[in-house]
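Enquirer: Below: one structure in structure tokens.
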Amino acid sequence: MSHGEPDHQAFSEPCGFVLVNKPAGVTSHDVVQMLRHRFGTRRVGHTGTLDPMATGLLIIGMGPATRLLEFVPDEPKEYETTVVLGITTDTQDTTGQVLEDRDASQVTEASVVHVLARFRGEVFQLPPMVSALKIGGKRLYELAREGRTVERTPRPIRIHRLELLGYRAGAHPEVDLRVVCSAGTYIRTLAHDLGKALGVGGSMAALRRTRVGPFRLEEAEPPDHCRAVRSVEEMLRDRPLAVAHGEAQRALAHGQRVSTSDVAWRRPPEAGTKALITMADGSGWVVADLDGKGLAPRKVLLRRPAATREKHAAGLEQKA
């Protein structure tokens, strides 16, 4: 389906988003499966995969709203992590094979604070071999499972805030950190690089995602108790918002460009951004590019009229 082409959906299934507090020991896909069963829909997707050992905030889209996940704000991200010093593994976390085990008791809290300053601002990270990044059409973790290591290029990321929350001395000191960073930051690689900068090696021992954009972990629910389905308008609340009536609504529904003066703005427009347009009659939403010529639809989600839904359902029954 091309950008701007209407997607006529029968919204009898849930259409919206849930904020999930992912527990440790399950994959992000496991959470998707739980919610498919809980809400009775197969169309469930998520942003920002969390590894099985990680916990915290996972943003889930359901039904037609999965097509809008790409527009949900995903920066900055906030994490709380524990780094174990003196241990280096092949996965950069403590679930991997230990490559080096060193006594790191000489590392002090003051030395950790001093070295942390190097990692604030824009830094470069080498994507780990266990990441989902694709190289040559294959994800790195797939290559790693085959026992292969490929050349990777360091990528720029930004760490807005890096704060020491706790320090526990010992042969393998444990360092608790709060990290606020750009999308695409690998916290396991930060742990590895911190240990390397301290001269003893390091691995990530725990990870919890506490914020994604404006959404916080405190708002999330466990996957087996999720009840609050959030609206499209709430989840895209950082976007300019308008309501379309009459001719503007009909034009947008057909993927046609309209003027910014043809809609009623609830949140002011900003050139060069994408706006969320709500149909005045509740028939759906449009995400449109705001450019110098007006509003150009990129995604159109429309409800089918009741009669069309019934006809569609009858057709499915006949096929069955």
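Counting in numbering that gives the first Met the number 0, the sequence shown runs from 0 upward without gaps.
All C-beta atoms, glycine included, are put in the ideal place defined by N, C-alpha and C.
1. Report yes if the C-beta distance between A103 and P213 is below 8 Å; otherwise report no.
2. Return the residue from the list L206, R210, T65 and L115 that minimises the CA-CA distance to D92.
3. If we count the other Cβ atoms within 10 Å of its Cβ and call it buried at 16 or more, is L18 buried or exposed?
4. Whole angstroms is fine: what's the gap from D29's alpha carbon to E269's?
5. So, for G24: in the same chain, excluding its five sequence neighbours on each side, which residues have a beta-carbon less than 8 Å away from its beta-carbon?
6. Got a sec? Which residues, its chain only, sit under 6 Å from G245 by beta carbon, not counting five neighbours each side?
7. Cα separation between Q248 and R265?
8. Counting pairs of beta carbons, one from the segment 68-81 and one from the segment 174-193, are three or more of them closer than 8 Å?
9. Under 8 Å between the Cβ atoms of K273 and R238?
10. Identify whether M203 lies in helix, strand or coil by the three-state DSSP scheme.
11. Do L115 and P153 have their C-beta atoms closer together than 8 Å?
12. DSSP state of K292, grouped into three classes?
13. Taking the straight line between their C-alpha atoms, what separation do you get for F38 and R147?
14. Look at the Cβ atom of P127, then the Cβ atom of G62, and state whether they are nearer than 8 Å.
15. Since R160 is in the beta strand (DSSP E), which residue starts that stretch and which ends it?
16. Run through the DSSP bridge pairs and tell me what T54 is partnered with.
17. What's the gap between the Cα of E145 and the Cα of L98?
18. For G95, which of helix, strand or coil comes out of DSSP?
Expert: Taking the coordinates as given:
1. no
2. L206
3. buried
4. 38 Å
5. P51 and M52
6. none
7. 16 Å
8. yes
9. yes
10. strand
11. no
12. coil
13. 40 Å
14. no
15. R154 to R167
16. R207
17. 18 Å
18. coil
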